[in-house]
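Protein chains in written order, with our numbering: chain A, 1 to 74; chain B, 1001 to 1180.
Here is the structure we will look at.
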Amino acid sequence: MAIIIDLDVMLAKRKMKSAELAEAIGITAQNLSVLKTGRAKAVRFTTLDAICKHLECQPGDILRFESDVDKDDR
Amino acid sequence: MMSNVILTLLFLTLATLLITALVMLLNGSDVLNFTQANGTHLWIGLDVTGSWKSTANTLSANSFNTMTWLALPQMLPYVIINLILIRLFMLYRQGLFFNLKNIQCFKWLGGLLILQFLFVAFYPALLVTLLNMFTGSELRRAVVIQDTDIISFIVGLIIYVIAWIMKQAQQLQQEQELVI
């Protein structure tokens, strides 16, 4: 998909473990893994809000757009 | 809890159907025939009912065994329906509601009821044709369709549509599971 989730980069920057974040924002570790691996179909605003709050970052730090067309051209 | 009660009833029905069929095949008699002078009548056995009745009369008038030729085949779809329902309620007991296996059960159930309509309509005529061919008898063929057969056909169609709706629901649930 064109939307890339950079959650593990942000987690590394904050030196936080996935399980820790999952517990802090109230979702299961499996669901956080689904989000990290890009298998998620959608992200709730409440989840995004909680992640940004706990990682002290902006949504743009976690989500990135990469055009599929650019990828094909390369 | 509810699915346990229904499962018990389904198992009882299946056991009754199978025991009756077995006793009919082995002994050729009713499983239970209890009649008293005061009018109490309790009976478990096999009988040809509905649209096959006229063919049953023709066959028995020509000394063919209606139990083997008609009553047992008539029972067969009910045994299969029972087995499908048992499988469906087993899945419900496991907490699986919008699963591909459930959808498969609904599809089988709908399909079976639709096929049963064709079976009920054409089996007696086909049977009489075969008997006439192989035994040299000249029995009258009849295709009889009763309102109950049409109702079961419509129910089959509705169940098939439900299976389709359940497939949509299953896709929605799958999508919902991937919303974090």
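Don't be surprised by glycine CBs; every beta carbon is placed ideally from N, CA and C.
Short CB-CB distance (under 8 Å) between residue i and chain B
i	result
residue 9 of chain A	no
residue 3 of chain A	no
residue 27 of chain A	yes
CB contact check: residue i to chain A, cutoff 8 Å
i	result
residue 1180 of chain B	yes
Of the residues the options, the one placed nearest residue i, counting alpha carbons only
i	options	result
residue 1027 of chain B	B/1046, B/1105, B/1126	B/1046
residue 53 of chain A	A/3, A/26, A/4	A/26
residue 1168 of chain B	B/1007, B/1016, B/1102	B/1102
residue 1147 of chain B	B/1139, B/1030, B/1094, B/1051	B/1051
residue 1069 of chain B	B/1161, B/1089, B/1129	B/1129
residue 1156 of chain B	B/1111, B/1014, B/1004, B/1143	B/1111
residue 1122 of chain B	B/1149, B/1109, B/1137	B/1149
residue 1166 of chain B	B/1031, B/1145, B/1098	B/1098
residue 1135 of chain B	B/1073, B/1022, B/1062, B/1053	B/1062
residue 1054 of chain B	B/1174, B/1153, B/1145	B/1145
residue 1154 of chain B	B/1087, B/1175, B/1113	B/1113
residue 1029 of chain B	B/1001, B/1010, B/1071, B/1011	B/1071
residue 1164 of chain B	B/1104, B/1118, B/1152	B/1104
residue 1158 of chain B	B/1042, B/1133, B/1107	B/1107
residue 1160 of chain B	B/1115, B/1076, B/1131	B/1115
residue 1120 of chain B	B/1074, B/1091, B/1031, B/1139	B/1074
Anticipated Cβ contact below 8 Å, residue i with residue j, distance rounded
i	j	result
residue 1079 of chain B	residue 1066 of chain B	Wrong, their Cβ atoms sit about 19 Å apart, outside the cutoff.
residue 1089 of chain B	residue 1007 of chain B	5 Å
residue 7 of chain A	residue 36 of chain A	5 Å
residue 1013 of chain B	residue 1082 of chain B	6 Å
residue 1084 of chain B	residue 1109 of chain B	5 Å
residue 29 of chain A	residue 18 of chain A	6 Å
residue 10 of chain A	residue 49 of chain A	So it is not a contact: roughly 15 Å between Cβ atoms.
Residue-level contact to chain C via CB, residue i, 8 Å cutoff
i	result
residue 1115 of chain B	Looking for chain C here will not work: the only protein chains present are A and B.
Inset, instruction - May I ask you to list, following chain order, the residues of the segment 36-58 of chain A that have a beta carbon less than 8 Å from some beta carbon of chain B? - result: 39, 40, 41, 42, 43, 44, 47
Legend entry - Proximal residues, the segment 1037-1048 of chain B versus chain A, C-beta separation under 8 Å: none
Inset, instruction - Run through the segment 1062-1113 of chain B for me and flag every whole alpha helix (DSSP H) of 4 or more residues, listed as ranges in chain order. - result: 1072-1093
Inset, instruction - Scan the segment 1123-1159 of chain B and note each continuous alpha helix (DSSP H) run of 4 residues or more that stays entirely inside, going in chain order. - result: none
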